[in-house]
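Each residue of the sequence shown is one higher than the one before, starting from 1489 at the first, in this note's numbering. The C-beta atom is built at its ideal place from N, Cα and C for all residues, glycine as well.
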Amino acid sequence: ASADLDLPMMDIDGAAYVPVFSSEGQFLSCVGSHMSFAVAPARDFARGLPPQVGIAVNPGGAVGIPLPPPAV
């Protein structure tokens, strides 16, 4: 993630996670249209994250999974 990018964070069991969505449809059904978003290749996005941050895939969706920092 770019240093000037303000990412939303969420806490899962005391660890920091960035919510990501597998599609625009998943994003809109989970978050709605009140939050802006960007489309980025998953690999490039994950490489830019700080090492202590995990990724929460489709949080609040029908199929979602938290990926802890070591898995990212």
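- Residue state for ALA1530 is assigned as helix, using DSSP reduced to three classes.
- Taking 8 Å as the upper bound for CB-CB distance, MET1497 and ALA1503 are not in contact here, some 10 Å apart.
- In this structure, the CA atom of PRO1557 is about 26 Å from the CA atom of GLY1513.
- Inclusion of ALA1550 and VAL1508 in the CB contact set at 8 Å is not warranted, their separation being larger than that value.
- For LEU1555, the enclosing beta strand (DSSP E) begins and ends at 1553-1555.
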